[in-house]
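Trainee: Submitted below is the structure of interest, expressed as structure tokens.
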Amino acid sequence: MLDLQGLCFSLLHIPRKLHLALLQPVSRATKSVVKRSIMFVFQREDLPKDPVFPANLKQLGYFINDKDEIRMISNPEEKFLYRINANERYNELQKEAMNTCIRNIVISRLHDQGLETLRLPLGAKANEQHVPILVSPTFKTDKRIIVVFGEPVQDLGIWAYRIIGHETINSGSAVDFSAAVFRVKGDSPTPGLILTNPGQLVWHCAGEKAISLPSWLALPRKHAVEPPMKMTVRNKIPGNETWQDHVTYVFDEVLGKLAPDAKIDIIALAEGSLAAVRYLAEHWSTWKSRISSMALGNPLHDMNHLHPAEFAEFVSTRCRAYLISDKEVGQPVAGRYEHGCNCYSSGESKNVECIIPRAYENMLKWLDDMHDKPELKETEVFVSEDFEIAEPGEFNNDDGNGAVVEELN
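Each residue of the sequence shown is one higher than the one before, counting from 1 in the UniProt record's numbering.
As structure tokens, then:
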């Protein structure tokens, strides 16, 4: 039942109480708090402007010396200085400007080596949503192709900006790597090469190009304190929305349709290796006759991913994992029980992104050996950390690269 007496009391007396409260004098302490609060209210025009740094080495104060090192113009012994301001936004935008310079240099050098840009999805125009990959010009007819699936945090052709900044541009990028792939080795034909791009899967509409997430966060804003732009469906690339989608697209549309006869060697890192393992496990009956071998850096798969049994056997005998380790590159390390394949030191003790630059020569030599002799297989290698009985150095061969292979009967 409706309480009419209570309703009437509320309508009559609550407005009167509010009126009396508003007439009460404000204390000095309250006035002081109000004044201090008002002091911290800014107008939009008072907010700090977003800093701008030119994507030009010279204007940033750097140059490339004759050793292929990036150094300061004012002090040729000094490397890139990241922290130039207490405001982290300034530091990040300066770094992005430097990285843009590096990307332009690396892509130019890779093009000079003969690699060409292929837009995915196939048939996309330059101003339409697409992600670029790099391919050798004859990959459609090559009998052998080396495919690289990198990390989803790096740009096309870049292994590690930290190596580029501290060592050389070529060593921290795919320039030295591709030169090694294309190097003539006796009578063997030069393999084709595909550098995929799982890191640049955000479409920048205004710039009409694919960029990485770090580059997206570094896009200009009206003010330095504003949040980044929100992504919409317009920032997605058809068929390549995620790094797993990108790897799937490369297998289905590029390798499956454009190069249907090539034998394939895979070098993959972290999420790139996980995506490749997932895809091949699901489609092994289609690809088992075409995949020669795989070298996986810091693989993220485990034994649960290795199904069917035929695929698990392939991983066990025709795959290698290169892990973070302070041992010399190519030395056996623990991990077979976790990853289902022999594990070796990458020669890199700290950073996953540095694995390929440190270990690619060992990887390529092993891939060559496995391609030249399809009947070879890796024997199971265990070290003391695996089950506490193997002796150190037991599995090394004479050339010191840790190669352990056995001919099938």
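From the three backbone atoms N, C-alpha and C, an ideal C-beta is built for every residue, glycine too. The structure presented is a predicted model; accordingly, all values stated were derived computationally and were not measured.
I'd like to check one pair, Gln331 with residue 498: are the Cβ atoms closer than 7 Å?
Mentor: Any answer about residue 498 is impossible in this case: the structure gives the chain only from 1 up to 409.
Trainee: Since I believe Leu306 is in contact with Ala281 (beta carbons under 8 Å), could you give me their beta-carbon distance rounded to a whole number of angstroms?
Mentor: That belief holds up - the Cβ atoms of Ala281 and Leu306 are roughly 7 Å apart, short of 8 Å.
Trainee: In whole angstroms, give me the CA-to-CA distance for residue 498 and His130.
Mentor: The structure shown does not extend to residue 498, since the chain spans only 1 to 409, so no value can be given for it.
Trainee: Please state whether the Cβ-Cβ distance between Ala210 and Glu92 is less than 7 Å.
Mentor: It is not a contact, given that the beta carbons lie outside the stated cut-off.
Trainee: Is the region 97-117 touching the region 59-66, taking contact as three or more C-beta pairs under 8 Å?
Mentor: Because the criterion of three Cβ pairs below 8 Å is met, the region 97-117 and the region 59-66 touch.
Trainee: Quick check on DSSP: helix, strand or coil for Asn342?
Mentor: Strand.
Trainee: For Lys209, name the three-state secondary structure that DSSP assigns.
Mentor: In the structure shown, Lys209 sits in a strand (DSSP, three-state: E or B).
Trainee: Whole angstroms is fine: what's the gap from Asn56's alpha carbon to Val106's?
Mentor: Approximately 14 Å between the Cα atoms of the pair.
Trainee: State the DSSP-derived secondary structure class of Asp398, mapped to helix, strand or coil.
Mentor: Unreliable placement is indicated for Asp398, whose pLDDT of 42 sits below 50; the coordinate value is still reported in the next sentence. Of the three classes helix, strand and coil, the one that applies to Asp398 here is coil, per DSSP.
Trainee: What distance in whole Å lies between the Cβ atoms of Gly256 and Phe149, which are believed to be in contact at a cut-off of 8 Å?
Mentor: 15 Å between Cβ atoms; not a contact.
Trainee: Have a look at Gln244 and Arg278 and give me their C-alpha separation to the nearest angstrom.
Mentor: Distance between the alpha carbons of Gln244 and Arg278: 9 Å.
Trainee: Within the region 308-362, note down every full beta strand (DSSP E) run reaching 3 residues or more, in order along the chain.
Mentor: Whole beta strand (DSSP E) segments, 3+ residues: 319-323 and 342-345.
Trainee: Could you check whether Ala179 and Gly157 sit closer than 7 Å to each other, using their CB atoms as the reference points?
Mentor: Not a contact, by the Cβ cut-off of 7 Å.
Trainee: Which residue's Cα is closest to the Cα of Asp68: Ala86, Glu88, Asp176 and Leu134?
Mentor: Cα-wise, what sits closest to Asp68 is Asp176.
Trainee: In the region 82-167, which residue ranges form an unbroken beta strand (DSSP E) of at least 3 residues, counting only runs that do not cross its ends?
Mentor: Taking only runs of at least 3 residues, the beta strand (DSSP E) segments lying wholly in the region 82-167 are 116-120, 131-135 and 144-149.
Trainee: Exposed or buried, which one is Gln94 when buried takes at least 16 other CB atoms within 10 Å?
Mentor: Gln94 is buried by the Cβ-count criterion.
Trainee: Buried or exposed: Met363, going by 16 or more other Cβ atoms within 10 Å of its Cβ?
Mentor: By the 10 Å Cβ count, Met363 comes out buried.
Trainee: Output the distance between the C-alpha atoms of Leu258 and Ile267, rounded to the nearest integer angstrom.
Mentor: Using only the alpha carbons, I get a separation of about 20 Å.
Trainee: Check whether the Cβ atoms of Ile73 and Ile64 sit closer than 7 Å, and answer yes or no.
Mentor: No, the Cβ-Cβ distance between Ile73 and Ile64 is not below 7 Å.
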